[in-house]
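Number of protein chains: 2
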Amino acid sequence: MPIVLGQHFIGGGRSGFGQPLHKSIDATTGEVLPYSFYQAIDAEINAAAQAAKAAFCEFRQISTVRRAEFLDAIADELDQLDDDFVAIVCQETALPTARIQGERARTSGQMRLFAKVVRYGDFLGARIDQSLPDRKPMARVDLRQYRIGIGPVAVFGASNFPLAFSTAGGDTAAALAAGCPVVLKAHSGHMATADMVGCAIVRAAERTGMPKGVFNMIFGSGVGEGLVKHPAIQAVGFTGSLAGGAALCKIASERPQPIPVFAEMSSINPVVLLPGALVARGVTIAGELAASVVMGAGQFCTNPGLVIGIRSVELDAFTDILKEHLGAQAPQTMLNAGGLRSYRQGVEHLLSHAGVTHLAGKTQEGKQAEAQLFKADVSLLLNGDPLLQEEVFGPTTLLIEVADDTELEGALRALRGQLTATLIGEPTDLKRYQWLVPLLEEKVGRILVNGYPTGVEVCDAMVHGGPYPATSDARGTSVGTLAIDRFLRPVCHQNFPDALLPEALQNANPLGLKRLVNGVWTSDPIF
Amino acid sequence: MPIVLGQHFIGGGRSGFGQPLHKSIDATTGEVLPYSFYQAIDAEINAAAQAAKAAFCEFRQISTVRRAEFLDAIADELDQLDDDFVAIVCQETALPTARIQGERARTSGQMRLFAKVVRYGDFLGARIDQSLPDRKPMARVDLRQYRIGIGPVAVFGASNFPLAFSTAGGDTAAALAAGCPVVLKAHSGHMATADMVGCAIVRAAERTGMPKGVFNMIFGSGVGEGLVKHPAIQAVGFTGSLAGGAALCKIASERPQPIPVFAEMSSINPVVLLPGALVARGVTIAGELAASVVMGAGQFCTNPGLVIGIRSVELDAFTDILKEHLGAQAPQTMLNAGGLRSYRQGVEHLLSHAGVTHLAGKTQEGKQAEAQLFKADVSLLLNGDPLLQEEVFGPTTLLIEVADDTELEGALRALRGQLTATLIGEPTDLKRYQWLVPLLEEKVGRILVNGYPTGVEVCDAMVHGGPYPATSDARGTSVGTLAIDRFLRPVCHQNFPDALLPEALQNANPLGLKRLVNGVWTSDPIF
């Protein structure tokens with residue numbers, strides 16, 4: 124059995140002054156696992172935030188080459204987490220082995236992608252406007268801008284991606300890449316996983332000579348508020364529920380010095396079925412959509428929770444097949460008992476709603492989640508019924524039938540902000556319904572054509588974000604390389620002698636950056 | 124006399140359903156000018172926000188060429204505002220004619236710079252990751268990202284730049300460049316100016332065929348809250364007091380859908396006098412610094428409100444000369460009676476503080492502002508006395524003497540976030556005090572060497588921003604081309620047929636953009 128200390132990670136060491144109150148749970152059996160975790164006391168929350176602050180100035184100034192080495196070292200350490208590790212993650216989350224193996228590779232791949240971003244240096248946003256001493260009526264002084272890390276970042280791990288969105292996940296990778304030390308609030312659903320990943324990060328930090336407080340992590344319940352309130356913390360990354368994210372936003376906005384929060388919260392990810400597609404391949408779509416709804420017990424932020432189609436015999440036929448698919452699903456174990464409880468409540472709310480019809484799905488009882496299909500009247504959406512817009516985190520989806528294009532437009536306009544929207548259509552559909560694209564652009568972070576929203580590629584072009592309540596700030600993404608932008612801020616240097624400038628802005632361009640010099644992009648040095 | 128209707132600008136027309144309660148005031152004489160302005164009623168606030176919303180979808184999709192033409196047309200209209208206009212601005216603000224003529228040119232120049240930014244298209248942030256159908260273990264789908272306007276922006280004009288930071292100022296230019304319609308809350312200190320500039324913008328909008336609600340403006344007191352609360356408004360730009368900015372942030376964060384606020388608020392802009400410079404040119408520095416302190420009656424966000432030096436005979440000599448300069452200044456008329464009242468109170472607070480000594484300046488009485496010089500014990504800063512960190516908006520500055528480098532470091536670390544910090548030093552000073560640069564980078568938006576912070580160049584590299592309370596979001600700037608970033612958000616298109624994509628992302632690259640394609644920057648089309 125691997126050693127899992129269950130103590131907090133503070134400034135390169137471990138600490139456990141509080142009580143070992145928290146036990147890791149086997150998500151499948153509900154049994155208590157032999158790992159205990161300490162409740163962080165206030166002094167430890169403070170120490171973790173202070174350690175991050177103490178590390179900030181050194182860490183943000185470490186060369187991009189060494190910062191990238193650190194991220195690559197984390198990736199290597201993650202890859203070396205072995206079968207015992209994978210077994211523990213599976214125990215804590217009830218996720219299958221292949222999924223965790225894949226997620227491990229995705230998480231290390233994500234770290235390496237950010238290492239590339241750091242090496243490339245575009246994120247530094249170097250801009251130089253040289254002096255124009257002869258300009259009339261006034262000379263221009265030399266001005267040079269680059270971006271630095273915003274400061275220590277508090278990261279809240281997500282339950283549903285114990286690796287890729289948690290301890291060494293996307294927010295941590297983006298923050299470290301930006302030069303920001305991290306204080307992680309370990310998710311209670313996979314604390315042994317968090318402990319082992321935390322050790323991997325610390326090994327990488329030691330191996331590459333990073334300052335000790337570059338990564339910190341605390342365990343415990345109710346410790347998030349103190350962390351977000353701590354004056355050393357300068358930004359927050361969060362993935363979780365709307366209630367949780369909104370609470371953190373409130374705390375952050377009421378600080379004496381308010382700080383930005385990037386919370387990825389709630390999305391029902393509408394899928395629009397266009398008429399031609401239902402004619403051409405309704406049967407196939409029903410099967411694919413059902414698979415997307417139940418994948419991973421529906422525990423994805425981008426799970427398709429709303430399906431919209433225009434009334435037709437083809438939609439009826441499609442609905443019948445979707446009913447069959449979802450009615451025939453085997454129950455699945457969810458990530459934890461809390462998640463199952465929330466799912467049961469969500470299903471009950473839909474069942475008890477007068478405007479909602481239950482189309483398929485076994486009675487939700489026992490220890491596993493049953494897939495469900497509901498149908499709601501479009502008037503609920505048009506009249507702003509909140510229930511319809513609330514994410515039910517699990518293998519369920521809700522069908523809405525609209526009378527015509529006008530009602531389709533109204534239904535889509537009535538939606539709140541979403542992570543994704545999907546158009547399923549034949550080429551003729553897409554031509555006829557091209558007007559949906561700008562409408563959806565204003566509602567979501569990502570629009571898919573003929574695909575399913577589950578599955579989020581980690582790359583330059585990905586946006587995993589969107590208008591409220593999908594996220595708390597539509598200008599960010601929590602997946603993909605653009606995620607680094609959330610944790611950077613610009614600083615301008617005016618009339619600096621060359622030697623006093625940060626390397627990114629020196630005339631010789633020692634980092635070989637692409638820089639905007641006097642309005643023109645160039646990698647050339649300045650003579 | 125020019126025609127000044129005093130009615131709100133809503134959807135291309137004018138509206139005045141409320142009472143003409145507000146009068147424009149001659150800032151120098153206090154006399155009421157013959158221009159009346161209507162108090163916006165709730166229905167008009169709503170109509171203005173709705174007009175902006177109605178214009179958004181069309182405006183944001185107008186080609187970048189036409190959007191740039193619109194900005195250039197505004198610039199042309201601003202340039203054509205004649206001597207009568209300049210005379211009214213001077214009447215309303217007590218600012219000298221040459222300053223207003225210069226500010227007019229700066230404001231139109233700023234519009235043209237944003238037109239260039241729009242034509243160039245970099246702000247669209249186009250990123251393309253093409254599909255990798257053969258990738259193992261999973262294929263990659265085609266993903267394409269660009270940035271769109273965030274939605275209608277509420278802009279609050281500043282008192283101290285009636286043109287450059289007001290109706291057609293930096294926030295308006297950045298929002299329009301981003302594709303966001305604007306609802307302006309006209310500043311009560313220069314309503315006739317606002318009216319005439321508003322007409323200029325509307326003429327430009329008509330001339331270039333923009334949607335009617337692209338620019339809207341309301342007059343009145345207490346109308347800002349309703350505007351920021353309006354669900355159509357998606358972001359806020361503000362320049363003003365800390366109290367005003369913080370109030371808007373609170374309103375914005377408590378909306379059912381919280382929105383970002385970019386408030387530029389309070390900064391005392393520390394100037395650090397390094398020892399060698401005082402030896403070499405203390406007399407010159409005293410004269411230059413005094414000029415920066417009193418320029419424009421000290422009514423600049425970047426006015427140097429705090430001067431720090433290390434105890435020495437040279438600092439004493441410098442102080443004596445600075446006393447002479449500031450003691451000898453003629454009084455100046457401020458922008459408005461409210462500003463003078465605030466200044467008098469600020470001066471009184473400093474005078475009545477036990478730890479603060481008055482070094483120079485005539486008794487603050489009468490209708491004009493008297494330049495003042497104070498000295499405070501460094502302990503006040505080190506112990507977090509709030510008075511020392513509060514901006515006194517006017518021609519005053521406060522000197523702090525530190526014992527040594529350690530105390531200098533402590534004093535700078537004790538500062539809150541600032542727009543600027545300045546180092547005055549000889550080459551040997553700058554070498555010896557190089558350690559100050561990273562410290563200041565974490566405190567401010569712009570660091571100057573051997574210059575004075577008043578005077579903010581509008582260019583690519585400028586940062587007019589900084590950590591709280593200098594601004595509400597250190598990741599933005601309200602001057603320079605990077606200001607556009609505040610009003611943009613990314614959207615991703617997955618697996619789109621080429622014809623369905625926005626032009627920025629189409630294979631042929633019809634806009635000729637520099638795009639990040641499969642991790643490499645290129646302007647080439649994709650074949």
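If you read the protein sequences in the order shown, they are chains V and L. Per the working numbering, the first sequence starts with residue 124, numbered consecutively. Per the working numbering, the second sequence starts with residue 124, numbered consecutively. We treat Cβ as the ideally placed atom computed from N, Cα and C, and that holds for glycine. Everything numeric in this text was worked out from a predicted model, so none of it was measured.
Any idea what DSSP makes of residue i, helix, strand or coil?
i                 : result
HIS145 of chain V : strand
TYR591 of chain V : coil
SER311 of chain L : helix
CYS615 of chain V : strand
ILE433 of chain L : strand
MET252 of chain L : This sequence places Asp at residue 252 of chain L; Met is not what is there. The answer is strand: DSSP assigns ASP252 of chain L an E or B state.
ASN339 of chain V : strand
ALA301 of chain V : coil
GLN422 of chain V : coil
ALA287 of chain L : coil
PRO509 of chain V : helix
SER231 of chain V : helix
ILE391 of chain L : coil
VAL402 of chain L : helix
ARG539 of chain V : coil
GLY360 of chain L : strand
VAL346 of chain L : coil
With a cut-off of 8 Å on the beta carbons, I'd call residue i and residue j a contact; round off their distance for me.
i                 : j                 : result
GLY589 of chain V : GLY568 of chain V : 3 Å
LEU504 of chain L : ALA483 of chain L : So it is not a contact: roughly 21 Å between Cβ atoms.
LEU623 of chain V : VAL560 of chain L : 6 Å
THR187 of chain V : ARG242 of chain V : 6 Å
SER282 of chain V : GLY462 of chain V : 7 Å
GLY280 of chain L : LEU255 of chain L : In fact, because the Cβ distance is near 50 Å, the residues do not count as touching under 8 Å.
ALA420 of chain V : ALA492 of chain V : 5 Å
THR220 of chain L : VAL209 of chain L : 6 Å
ALA297 of chain L : PHE237 of chain L : 7 Å
Got a sec? Which residues, its chain only, sit under 8 Å from residue i by beta carbon, not counting five neighbours each side?
i                 : result
GLU564 of chain V : ILE570
ARG235 of chain L : LEU194, ASP195, ALA198
LEU542 of chain L : GLU387, SER390, ASN392, CYS424, THR425, VAL567, GLY568, ARG569, PRO576, HIS587, GLY588, GLY589, ALA593, THR594
LEU510 of chain V : HIS472, LEU473, HIS476, VAL479, LEU503
Excluding the 5 residues flanking residue i on each side, which residues of the same chain have their C-beta closer than 6 Å to its C-beta?
i                 : result
ILE185 of chain V : none
ALA170 of chain V : ILE133
PHE385 of chain V : GLY360, ASP596, GLY599, ARG609
HIS587 of chain L : VAL579, THR600, SER601, VAL602
LEU546 of chain V : VAL395, VAL572
VAL212 of chain L : ILE223, PRO285, THR316
Return the chain-ordered list of same chain residues with a C-beta closer than 7 Å to the C-beta of residue i, the five sequence neighbours on each side being excluded.
i                 : result
SER231 of chain V : ALA198, LEU201, ASP202
LEU247 of chain L : TYR269, ARG270, ALA627, LEU636
LYS352 of chain V : ILE374, ARG378
VAL406 of chain V : ILE444
Three or more C-beta pairs below 8 Å linking the region 568 to 582 of chain V and the region 606 to 620 of chain L: yes
Completely contained beta strand (DSSP E) runs for the region 459 to 504 of chain V, where each covers 3 or more residues: 479 to 483, 495 to 500
Touching by the beta-carbon criterion (3+ pairs, under 8 Å), the region 124 to 132 of chain V and the region 155 to 167 of chain V: yes
The region 453 to 468 of chain L touching the region 541 to 560 of chain L, judged by at least three CB pairs closer than 8 Å: Using a Cβ-Cβ distance cut-off of 8 Å, the region 453 to 468 of chain L and the region 541 to 560 of chain L are not in contact, since fewer than three pairs of beta carbons, one from each stretch, lie closer than that value.
Cβ contact (3+ pairs, closer than 8 Å) linking the region 266 to 273 of chain L and the region 344 to 352 of chain L: Verdict: no, contact absent.
At least 3 beta-carbon pairs within less than 8 Å: the region 310 to 325 of chain V vs the region 280 to 295 of chain V: yes
The region 246 to 253 of chain V contacting the region 324 to 338 of chain V, beta-carbon criterion three pairs below 8 Å: no
Three CB pairs or more closer than 8 Å across the region 522 to 535 of chain L and the region 434 to 441 of chain L: Counting Cβ pairs under 8 Å, three or more are found: they touch.
Validate contact between the region 135 to 147 of chain L and the region 640 to 647 of chain V using beta carbons, cut 8 Å, 3 pairs: Touching, no.
Validate contact between the region 511 to 522 of chain V and the region 412 to 430 of chain V using beta carbons, cut 8 Å, 3 pairs: yes
Length-filtered (4 minimum) alpha helix (DSSP H) runs lying within the region 160 to 190 of chain V: DSSP runs (the alpha helix (DSSP H)) wholly in the region 160 to 190 of chain V: 165 to 184.
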